[in-house]
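Inspection log for the structure reproduced underneath, given as structure tokens.
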Amino acid sequence: MHPRPLSGLRVLDLTRVLAGPYCTLLLADLGADVVKVERPETGDDARSFGPFLENGHSAYFASINRGKKSIALDLKDDADRATFLQLVTRADILVENYRAGTMLKLGLDSESLRKHNPRLIYASLSGFGQSGSDTDRAAYDIVVQALSGLMSITGAGPGQSVRVGTSISDILTGIFGAVAIVSAVHGRTTSGEGTVIDLAMLDCTVAALENAISRFTTSGVSPAPLGTRHPSITPFQSFPTADVPIVVAAGNDSLWTALCHCLDREDLATDPRFVSNADRTGHHEELDAELTQAFSQRPATEWLRRLATAGIPSAPIRSIEDVVADPHLASREMWHTMNDGQGGELLTAGSPFRMNDTAPPLSPTTPDLDEHHQEILSQWLMDDSR
Numbered sequence: 001m002h003p004r005p006l007s008g009l010r011v012l013d014l015t016r017v018l019a020g021p022y023c024t025l026l027l028a029d030l031g032a033d034v035v036k037v038e039r040p041e042t043g044d045d046a047r048s049f050g051p052f053l054e055n056g057h058s059a060y061f062a063s064i065n066r067g068k069k070s071i072a073l074d075l076k077d078d079a080d081r082a083t084f085l086q087l088v089t090r091a092d093i094l095v096e097n098y099r100a101g102t103m104l105k106l107g108l109d110s111e112s113l114r115k116h117n118p119r120l121i122y123a124s125l126s127g128f129g130q131s132g133s134d135t136d137r138a139a140y141d142i143v144v145q146a147l148s149g150l151m152s153i154t155g156a157g158p159g160q161s162v163r164v165g166t167s168i169s170d171i172l173t174g175i176f177g178a179v180a181i182v183s184a185v186h187g188r189t190t191s192g193e194g195t196v197i198d199l200a201m202l203d204c205t206v207a208a209l210e211n212a213i214s215r216f217t218t219s220g221v222s223p224a225p226l227g228t229r230h231p232s233i234t235p236f237q238s239f240p241t242a243d244v245p246i247v248v249a250a251g252n253d254s255l256w257t258a259l260c261h262c263l264d265r266e267d268l269a270t271d272p273r274f275v276s277n278a279d280r281t282g283h284h285e286e287l288d289a290e291l292t293q294a295f296s297q298r299p300a301t302e303w304l305r306r307l308a309t310a311g312i313p314s315a316p317i318r319s320i321e322d323v324v325a326d327p328h329l330a331s332r333e334m335w336h337t338m339n340d341g342q343g344g345e346l347l348t349a350g351s352p353f354r355m356n357d358t359a360p361p362l363s364p365t366t367p368d369l370d371e372h373h374q375e376i377l378s379q380w381l382m383d384d385s386r
């Protein structure tokens, strides 16, 4: 078995809840030695988030903290602080997601810690970044979704904005954070110096708005929620059938022609209102009425069979239960079973990384608070190779 790509890298993880822990989860999955530095007695806030396993442990916490170690340190206590600074000298990477300014107040900001370790890669993940007029503002995912404009383009229609069904601003920040950290590790091989990384949840979410910004800057009109419809490609949305809805993505004119044939509505392909994608998008309301009527004539399974035969991208709208039962995902090793240490198991999503046709080996355990205190001190501080 090949060593994982980040094997040998040591990460001090001062993050909690989701954005930061998701970032360090990716690093741990890729082989980094990730040590969660947690508050004594309570630890990461996510330890108290439900649902809970039979042993009382949080399934929420377990799903994003596999493969990490835990040490409890009070960073305001002189002895614990001294221990932490010793760990800093042996670390490659530090990740924190406190509100901007908190680490500076503790005297643990990037400038201070890089005096102890000039090669340290110091990553700060916060709601609004380390600079700017809103830097002191507190943030949670839903707040950032609202402020970023993401909620304004998500929903059934104008005035019906909703939160995206997952904490996408947190997840995006975690992914961007991991990319920035790995880039900094590569850069250090030539510079010999660490990097200070400043990532804001707001910035990361705005960066992922796809073409919403350009649609506004070219038209002067703020995009509104469109339900499942695409703003620039038609038809590219969900349609009701005789029983349950399906999604159809006719992303070009040839697929549109094939769809018309599949629906036994060849007349639509030559209708001047619908000949080109621009025509279809400009007359989407009329087209929606025609297609809704056509799809309502047969059940979803029949339409999906016909669409697949015609090579038209389509899908049912599956539940999470359906997704967990998907044999394709199972064949891709996308399910990972965690052990609670007492014979219980928890099924979670695995890693999407595939390298040399192989998924990374994932840890089946999540750390108890301060579980690895002595092990970390022994392995990190007794290692004279650094």
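Counting from 1, position 325 in the sequence shown corresponds to residue 325 in my numbering; the numbering is continuous, with no gaps.
Using N, Cα and C, we set each Cβ at its ideal position, and we do this for glycine too.
Since this is a predicted model, take the numbers as computed values, not measurements.
| message | Pairs of beta-carbons, one from the region 68-87 and one from the region 34-47, closer than 8 angstroms: are there three or more? | response | yes
| query | Which residues in the same chain have their Cβ closer than 8 angstroms to the Cβ of residue 116, if we skip the five residues on either side of it in sequence? | reply | Numbered from 1 along the sequence shown, position 116 holds the residue referred to as residue 116. The beta carbon of residue 116 lies closer than 8 angstroms to those of 85, 88 and 89 in the same chain, with the five residues before and after it left out.
| Which residues in the same chain have their Cβ closer than 7 angstroms to the Cβ of residue 154, if we skip the five residues on either side of it in sequence? | The residue given as residue 154 occupies position 154 in the sequence shown. The residues are 161, 162, 164 and 225.
| How would you write the range of the alpha helix (DSSP H) that residue 206 sits in, first residue to last? | As a working mapping, residue 206 is identified with position 206 in the sequence shown. First-last of the alpha helix (DSSP H) with residue 206: 201-207.
| Residue closest to residue 7, alpha-carbon to alpha-carbon, out of 259, 251 and 30 | Start at 1 with the first residue of the sequence shown, and residue 7 comes out as number 7. Nearest option by C-alpha distance: 30.
| field | Three-way DSSP call (helix, strand, coil) for residue 237 in this model | value | By 1-based counting over the sequence shown, the position of residue 237 is 237. Residue 237 falls in the strand class under three-state DSSP.
| task | May I ask you to verify whether the region 126-146 touches the region 195-213, counting CB pairs closer than 8 angstroms and requiring at least 3? | result | yes
| Nearest candidate by alpha-carbon position, reference residue 309, set 316, 262 and 269 | By one-based count along the sequence shown, residue 309 stands at place 309. Of 316, 262 and 269, the residue nearest in Cα terms is 262.
| said: Tell me the DSSP secondary structure of residue 348 in three-state form. | reply: The residue labelled residue 348 in the question sits at position 348 within the sequence shown. In the structure shown, residue 348 falls within a strand segment according to DSSP collapsed to helix, strand and coil.
| query | If you check the beta carbons only, do residue 27 and residue 181 fall under 8 angstroms apart? | reply | Your numbering for residue 27 matches position 27 in the sequence shown. Your numbering for residue 181 matches position 181 in the sequence shown. The answer is yes: Cβ separation under 8 angstroms.
| Would you say residue 214 and residue 281 are within 8 angstroms of each other, going by their C-beta atoms? | What you label residue 214 is simply residue 214 of the sequence shown in a count that begins at 1. What you label residue 281 is simply residue 281 of the sequence shown in a count that begins at 1. Cβ atoms of residue 214 and residue 281: not closer than 8 angstroms.
| Who pairs with residue 155 in a beta bridge, going by DSSP? | Locating residue 155 in the sequence shown gives position 155, counting from the first residue. For residue 155, which the question treats as bridged, DSSP gives the partners 161.
| field | Boundaries of the beta strand (DSSP E) in which residue 10 is found, first to last residue | value | As a working note, residue 10 is residue 10 in the sequence shown. Where residue 10 is concerned, the enclosing beta strand (DSSP E) stretches over 10-14.
| query | What is the rounded straight-line gap between the Cα of residue 387 and the Cα of residue 185? | reply | A query on residue 387 cannot be resolved here, the shown segment of the chain reaching from 1 to 386 and no further.
| query | Would residue 305 be called buried (16 or more neighbouring beta carbons within 10 Å of its own) or exposed? | reply | Residue numbering aside, residue 305 sits at position 305 when the sequence shown is read from its first letter. That one is exposed.
| task | Could you say which of 55, 32 and 19 lies nearest to residue 46 if we only look at CA atoms? | result | Walking along the sequence shown from the start, residue 46 turns up at place 46. Shortest Cα-Cα distance from residue 46 to any of 55, 32 and 19 involves 19.
| said: For the region 367-385 against the region 100-108, do three or more pairs of beta-carbon atoms, one drawn from each stretch, fall closer than 8 angstroms, so that the two count as touching? | reply: no
| task | Return the CA-CA distance between residue 278 and residue 288, expressed in angstroms with no decimal places. | result | Residue mapping note: residue 278 aligns to position 278 of the sequence shown, counting from 1. Residue mapping note: residue 288 aligns to position 288 of the sequence shown, counting from 1. Roughly 15 angstroms separates the two Cα atoms.
| When DSSP labels each residue in this structure, what does residue 247 get in the three-state scheme? | For the purposes of this step, residue 247 is identified with residue 247 of the sequence shown, where counting begins at 1. Of the three classes helix, strand and coil, the one that applies to residue 247 here is strand, per DSSP.
| task | Kindly provide the ranges of any beta strand (DSSP E) runs that are 3 or more residues long and lie completely inside the region 75-131, ordered along the chain. | result | 93-96 and 121-126
| field | residue 349 vs residue 336 beta-carbon contact at 8 angstroms | value | Here residue 349 corresponds to residue number 349 of the sequence shown, with the count starting at 1. Here residue 336 corresponds to residue number 336 of the sequence shown, with the count starting at 1. A contact, by the Cβ cut-off of 8 angstroms.
| query | DSSP state of residue 327, grouped into three classes? | reply | On the sequence shown, residue 327 is found 327 positions in, with the first residue counted as 1. Note: residue 327 maps to helix in three-state DSSP.
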